[in-house]
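**Student:** Here the sequence shown is numbered in full-length UniProt numbering, starting from 33 and rising by one per residue.
For glycine and all other residues, C-beta sits at the position ideal for the given N, C-alpha and C.
Remember, predicted model here, so these are calculated numbers, not experimental data.
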Amino acid sequence: PKVYEYKFHLSKIELAPDGFKKLVSAVNGQYPGPPIQVCKGDRVIVHVENCLGEPTSMHWHGIFQYNTPWYDGVVGQTQHVIPDKCTFTYDFKVDHQSGSYWYHSHHRGQYMDGVLGPLIVYDDDDFDKKTYGYDEDMIVLITDWYHDHSANLFKWYMSPESKGAEPVPDNALINGKNNYNCDWAPKGSECVCDSELAKFVFKKDCKYRMRIINTSGLSSFTFSIDDHDMKVIEVEGAKTKPYKIKQLSLSVAQRYSVIVDANQPCSNYWMRIKFQKSYHHHKLAMDNKAIISYEGASHEYPTSSPCTDKVEKYLEFYLKPLVPCVPPKCDKLLVFDVEFKKDSKGITRSYVNGSSYIADEEYPTLKKVYDGVHEFSRCENIYQLHKKGEVIDVVFINKDYREHPFHLHGHSFWILGWGKDDGKFESWYKKLNTFDPIQRDTSTLPEYGWIWLRFTADNPGIWGCHCHIEWHLGAGLLVQFLELPKDLKEMEAPKSWWDLFPK
Ligand code: C2O
Numbered sequence: 033p034k035v036y037e038y039k040f041h042l043s044k045i046e047l048a049p050d051g052f053k054k055l056v057s058a059v060n061g062q063y064p065g066p067p068i069q070v071c072k073g074d075r076v077i078v079h080v081e082n083c084l085g086e087p088t089s090m091h092w093h094g095i096f097q098y099n100t101p102w103y104d105g106v107v108g109q110t111q112h113v114i115p116d117k118c119t120f121t122y123d124f125k126v127d128h129q130s131g132s133y134w135y136h137s138h139h140r141g142q143y144m145d146g147v148l149g150p151l152i153v154y155d156d157d158d159f160d161k162k163t164y165g166y167d168e169d170m171i172v173l174i175t176d177w178y179h180d181h182s183a184n185l186f187k188w189y190m191s192p193e194s195k196g197a198e199p200v201p202d203n204a205l206i207n208g209k210n211n212y213n214c215d216w217a218p219k220g221s222e223c224v225c226d227s228e229l230a231k232f233v234f235k236k237d238c239k240y241r242m243r244i245i246n247t248s249g250l251s252s253f254t255f256s257i258d259d260h261d262m263k264v265i266e267v268e269g270a271k272t273k274p275y276k277i278k279q280l281s282l283s284v285a286q287r288y289s290v291i292v293d294a295n296q297p298c299s300n301y302w303m304r305i306k307f308q309k310s311y312h313h314h315k316l317a318m319d320n321k322a323i324i325s326y327e328g329a330s331h332e333y334p335t336s337s338p339c340t341d342k343v344e345k346y347l348e349f350y351l352k353p354l355v356p357c358v359p360p361k362c363d364k365l366l367v368f369d370v371e372f373k374k375d376s377k378g379i380t381r382s383y384v385n386g387s388s389y390i391a392d393e394e395y396p397t398l399k400k401v402y403d404g405v406h407e408f409s410r411c412e413n414i415y416q417l418h419k420k421g422e423v424i425d426v427v428f429i430n431k432d433y434r435e436h437p438f439h440l441h442g443h444s445f446w447i448l449g450w451g452k453d454d455g456k457f458e459s460w461y462k463k464l465n466t467f468d469p470i471q472r473d474t475s476t477l478p479e480y481g482w483i484w485l486r487f488t489a490d491n492p493g494i495w496g497c498h499c500h501i502e503w504h505l506g507a508g509l510l511v512q513f514l515e516l517p518k519d520l521k522e523m524e525a526p527k528s529w530w531d532l533f534p535k
C-alpha cells in the first residue's frame, strides 16, 4: 500500500465553465476539483485549506471510513466545521473497496458552487482490466449547474415563496464544460457564447472504461453516446456481470462504470446527458453534449443522432453482482415514511416519520457520543444500532410525488426490492430478492413508492442516510444511524479533530 497526500486549497474564484462567469468555490483553483486516484488498501491524506471566506467540510462519498469515523466530513454529525482560514487534514484508508466515488463539501449547499471532484479507487491486482477487458480508464463527471450562488437559492427555497419547488438549474456540465446561450443571461452578467465542450478522444478498436459520476444538486440524467452501446460493469464499487444498454439513467450522486467499444467508423459522435425531468423552463437546454472524437477524425461537430430506446430507470434490479453475498435474513427492521409539508411559518420541509432533520452544527453527534450524551433531540433523527453484525433492513415509503435518491454513509446497501406503494407491506416482503441483489450506496426511492435496503451493522460511526438532492437535504430529509455507540466511544479521535471546536 502507498500513501497519497493531497493539498486542497479552497477559494472563491471567477470561472466560466459554460461561458457564464460565476464566483465558483474551487478546489485548487479549478472546477471540477482534481481527481483523487489511489489503489485499494492505500492511505489517503488530504490537507483541506479553507480560504472560502465561509466554513466548510469535506466528505468522501462512498468511502466506508472503517476505523476513522471522525473523517467522514459531515458537519453536525461527524465533525465541527472547518472555519475560514483554517486547515484540517483528513487521513483515511481505502480498505476492502474499489470503484468510482467522489468527494464533496458536506456543508449546506456548498458543493453546488464547486467544492467537489472525482475519487477513483483502482483495484489492487488490475482484476478489472483482466475481467472486463479494456484499454483505458476515463472519468465523466456530469452535473446540473446553477448560475446563482447556492446560498441565495437556498434562501428562496426555504421561504414560503418557493412553495417547496426546487430552484431550476441553468445548465448541465460534462467534466465542467458546456456552452450557454448568452441571450438568456441576465443583463449585466458576463457571458461568452460558444464556450468549449468537453472532448474525449477514442482510438479505433480500443475499449474504454468510462466512470460516469452524477454530481448534481437536483437532477437525474440519461447518459448516452450516439451509435455506441455500453456495458455496465460497476455500480458504486460493486462489480457486476456485464450488462448491455444504450442509455444509462443516473440519479443524483450515483455512479456507474461502463465499457465502450470504439468500434464505429472513424468520426465524431455526441455524448449526451439529458435532464430526466422537464422543467418547463425556457432558459434550459434539456439535451447537453460533449464530443467523442476518434483519432484522425475531422474537426467538424458531430452529426450523429440520439438513441430513442426506452430508458431503464431502475437498472439496479436488472444488474447482477459478480459474486452474490447478501445475508439471507434481517435482525432488525426500520420503516421510514417520507413526506413534505408546510411548517407553521409556511415553509415546506421534509419529514422522516414525522420529524424534519435540523443539523446541530455546533454540537455534532460524534462529540455528543464522546461526552456521554444518551438523549438526543427529536429533530436529530438519530437511530441507534447496538449489536455488532446485526443485519438491518431499512424500508423507505414515499408519500411524496417526487423520487428521492437516498444515500447511506459508511456502507453499501443491498437493494432487495422496490415498487409502488399499494399499502401491501406483506406482499413486498415476499417478493424481495434475498438471493442476488446488487449493492450500492445511493438508490432511488420512487415517487409514491417504496424501497427495501439491507446492510450489516459492522462499522462503528455516525452514518447519515439522506436524500442526496441538496434542496431536500437542506429541508430536513435525513436520518442518522448511530452505529455501535459503545465501540465508537472507545475509538479515539485525533487531536486535530478536537481542535476544530472553539475553546
Ligand atoms: Cu455524497 Cu451525505 O453525501
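Give a yes or no on whether 9 Å exceeds the smallest Cβ distance from Trp134 to chain B.
**Tutor:** Among the protein chains of the structure shown there is no chain B, as only one such chain exists.
**Student:** Leaving out five residues before and five after Tyr480 in sequence, what residues of the same chain have Cβ atoms less than 8 Å from its Cβ?
**Tutor:** Against the sequence shown, residue 480 aligns to sequence position 448. Cβ neighbours of Tyr480 beyond the five flanking positions: Asn430, Lys431, Asp432, Tyr433, Lys452 and Asp453.
**Student:** Taking Cβ positions, are Lys125 and Tyr98 nearer each other than 9 Å?
**Tutor:** On the sequence shown, position 93 is the one that residue 125 refers to. On the sequence shown, position 66 is the one that residue 98 refers to. Going by C-beta atoms, Lys125 is nearer than 9 Å to Tyr98.
**Student:** Can you tell me the Cβ-Cβ gap for Thr272 and Ile470, rounded? I've got them flagged as a contact below 8 Å.
**Tutor:** Position 240 of the sequence shown, counted from the first residue, corresponds to residue 272. Position 438 of the sequence shown, counted from the first residue, corresponds to residue 470. Confirmed, Cβ separation roughly 6 Å.
**Student:** Rounded to the nearest angstrom, what separates Phe186 and Asp293 at their Cα positions?
**Tutor:** Here residue 186 refers to the residue found at position 154 of the sequence shown. Here residue 293 refers to the residue found at position 261 of the sequence shown. Between the alpha carbons of Phe186 and Asp293 lies a gap of roughly 42 Å.
**Student:** List the residues that DSSP assigns as beta-bridge partners of His91.
**Tutor:** As a first step, residue 91 must be located in the sequence shown, where it is residue number 59. Per DSSP, His136.
**Student:** Just to confirm, are Ile95 and Gln129 a CB contact at a threshold of 9 Å?
**Tutor:** Taking the sequence shown and counting its residues from 1, one reaches residue 95 at position 63. Taking the sequence shown and counting its residues from 1, one reaches residue 129 at position 97. Taking 9 Å as the Cβ cut-off, Ile95 and Gln129 qualify as a contacting pair.
**Student:** Is it buried or exposed, Asp425, if we count other Cβ atoms within 10 angstroms and call 16 or more buried?
**Tutor:** The residue you call residue 425 lines up with position 393 of the sequence shown. Its Cβ being crowded by 16 or more others within 10 Å, Asp425 is buried.
**Student:** May I ask whether a heavy atom of the ligand C2O can be found less than 8 Å away from the beta carbon of Ala285?
**Tutor:** Your numbering for residue 285 matches position 253 in the sequence shown. Checking the 8 Å criterion, the Cβ of Ala285 is within range of a heavy atom belonging to the ligand C2O.
**Student:** Using the C-alpha atoms, what's the distance from Asn246 back to Ser256?
**Tutor:** Residue 256 sits at position 224 when you count from the first residue of the sequence shown. Residue 246 sits at position 214 when you count from the first residue of the sequence shown. Near 13 Å, if we compare the C-alpha coordinates of Asn246 and Ser256.
**Student:** So is the beta-carbon of Gly496 under 8 Å away from any non-hydrogen atom of the ligand C2O?
**Tutor:** Translated into positions along the sequence shown, residue 496 becomes position 464. Gly496 Cβ: within cutoff of the ligand C2O.
**Student:** On a Cα-Cα basis, can you pick out the residue from Cys411, Gly65 and Leu280 that is closest to Met262?
**Tutor:** On the sequence shown, residue 262 is found 230 positions in, with the first residue counted as 1. Residue Leu280 is the option with its Cα nearest to Met262.
**Student:** Using the rule of at least 16 other Cβ atoms within 10 Å of the residue's Cβ for burial, across every protein chain shown, is Gly442 buried or exposed?
**Tutor:** Stepping through the sequence shown from its first residue, residue 442 is reached at position 410. With 16 or more other Cβ atoms within 10 Å, it is buried.
**Student:** Once the 5 residues before and after Val35 are set aside, which same chain residues still bring their CB inside 6 Å of it?
**Tutor:** Start at 1 with the first residue of the sequence shown, and residue 35 comes out as number 3. So the qualifying residues of the chain are Arg75.
**Student:** With hydrogens ignored, establish whether the beta-carbon of Val147 is closer than 8 Å to any heavy atom of the ligand C2O.
**Tutor:** Counted from its first residue, the sequence shown places residue 147 at position 115. Not so, every heavy atom of the ligand C2O lies at least 8 Å from the Cβ.
**Student:** Under 8 Å: do the segment 505-516 and the segment 384-394 share three or more Cβ pairs, one atom per stretch?
**Tutor:** yes
**Student:** Identify, in the order they occur along the chain, each residue of the same chain with its Cβ nearer than 7 Å to the Cβ of Glu37, setting aside the five sequence neighbours on each side.
**Tutor:** Residue mapping note: residue 37 aligns to position 5 of the sequence shown, counting from 1. Result list for Glu37: Ile77, in chain order.
**Student:** Return the residue from the list Gln109, Trp482, Ile68 and Asn413 that minimises the CA-CA distance to Lys456.
**Tutor:** Stepping through the sequence shown from its first residue, residue 456 is reached at position 424. Closest by alpha carbon: Trp482.
**Student:** Can you tell me which residues form a DSSP beta bridge with His41?
**Tutor:** As a first step, residue 41 is located in the sequence shown; it is residue number 9 there, counting from the start. DSSP, once it has assigned bridges, lists Glu81 as partnering His41.
**Student:** Note the first and the last residue of the continuous beta strand (DSSP E) segment covering Leu282.
**Tutor:** By 1-based counting over the sequence shown, the position of residue 282 is 250. Its beta strand (DSSP E) spans residues Gln279 to Leu282.
**Student:** Sort out for me which residues DSSP pairs Met190 with in a bridge.
**Tutor:** Counted from its first residue, the sequence shown places residue 190 at position 158. Looking at the DSSP assignment, Met190 forms no beta bridge with any residue, so it has no partner.
**Student:** Nearest by alpha-carbon distance to His41: which of Lys420, Asp363, Pro297 and Tyr63 is it?
**Tutor:** Against the sequence shown, residue 41 aligns to sequence position 9. With distances taken between Cα atoms, His41 lies closest to Tyr63.
**Student:** Please name the residue in Lys364, Ser299, Lys276 and Phe372 whose C-alpha comes closest to that of Val264.
**Tutor:** For the purposes of this step, residue 264 is taken as the residue at position 232 of the sequence shown. When each option's Cα is compared against that of Val264, the closest is Lys276.
**Student:** Evaluate Gln111 with the Cβ neighbour count: other Cβ atoms within 10 Å of its Cβ, from every protein chain shown; 16 or more gives buried, anything less gives exposed.
**Tutor:** In the sequence shown, the residue the question calls residue 111 occupies position 79. Buried, by the Cβ-count rule.
**Student:** Closest to Tyr383 by C-alpha separation, out of Val367, Ala507, Ser337 and Trp302, would be which residue?
**Tutor:** Locating residue 383 in the sequence shown gives position 351, where the first residue counts as 1. Ranking Val367, Ala507, Ser337 and Trp302 by Cα distance to Tyr383 puts Ala507 first.
**Student:** Please report the straight-line C-alpha distance between Pro218 and Ile152, rounded to a whole angstrom.
**Tutor:** Position 186 of the sequence shown, counting from 1, holds the residue named residue 218. Position 120 of the sequence shown, counting from 1, holds the residue named residue 152. Going by the C-alpha atoms only, they are around 38 Å apart.
**Student:** Going by the CB atoms, is the gap between Asn320 and Asn210 shorter than 9 Å?
**Tutor:** For the purposes of this step, residue 210 is identified with residue 178 of the sequence shown, where counting begins at 1. For the purposes of this step, residue 320 is identified with residue 288 of the sequence shown, where counting begins at 1. Against a cut-off of 9 Å, the Cβ pair of Asn320 and Asn210 comes out as a contact.
**Student:** Ordered along the chain, which non-local residues of its own chain (more than five positions away) have a Cβ less than 7 Å from that of residue 536?
**Tutor:** Limits of the chain in this structure are 33 at one end and 535 at the other, which puts residue 536 out of reach.
**Student:** Could you tell me whether the Cβ atoms of His136 and Gly149 are closer together than 9 Å?
**Tutor:** Position 104 of the sequence shown holds residue 136. Position 117 of the sequence shown holds residue 149. In this structure, His136 lies near Gly149, with their beta-carbon atoms less than 9 Å apart.
**Student:** Pick from Lys231, Leu520, Lys161 and Met242: whose alpha carbon is nearest that of Gly404?
**Tutor:** Numbered from 1 along the sequence shown, position 372 holds the residue referred to as residue 404. Gly404 has its Cα closest to that of Leu520, out of Lys231, Leu520, Lys161 and Met242.
**Student:** Would you mind stating whether Trp484 and Leu464 have Cβ atoms separated by less than 9 Å?
**Tutor:** Along the sequence shown, one-based indexing puts residue 484 at 452. Along the sequence shown, one-based indexing puts residue 464 at 432. Against a cut-off of 9 Å, the Cβ pair of Leu464 and Trp484 comes out as a contact.
**Student:** Compare the beta carbon distance of Val370 and Cys225 with 9 Å and say whether it is the shorter of the two.
**Tutor:** As a first step, residue 370 is located in the sequence shown; it is residue number 338 there, counting from the start. As a first step, residue 225 is located in the sequence shown; it is residue number 193 there, counting from the start. It is not a contact, given that the beta carbons lie outside the stated cut-off.
**Student:** Spatial neighbours of Lys374 within its chain, please: C-beta separation below 7 Å, excluding the five flanking residues on both sides.
**Tutor:** Here residue 374 refers to the residue found at position 342 when the sequence shown is read from its first residue. Answer for Lys374: Thr380, listed in chain order.
**Student:** To the nearest angstrom, how far is it from the Cα of Ala48 to the Cα of Thr175?
**Tutor:** For the purposes of this step, residue 48 is taken as residue 16 along the sequence shown, with counting starting at 1. For the purposes of this step, residue 175 is taken as residue 143 along the sequence shown, with counting starting at 1. Taking the straight line joining both Cα atoms gives about 15 Å.
**Student:** Between which two residues does the alpha helix (DSSP H) holding Tyr402 run?
**Tutor:** Here residue 402 refers to the residue found at position 370 of the sequence shown. Unbroken alpha helix (DSSP H) run through Tyr402: Thr397 to Tyr402.
**Student:** Verify the contact flag: His136, CB atom, against every heavy atom of the ligand C2O, threshold strictly below 8 Å.
**Tutor:** Indexing the sequence shown from 1 puts residue 136 at position 104. Yes.
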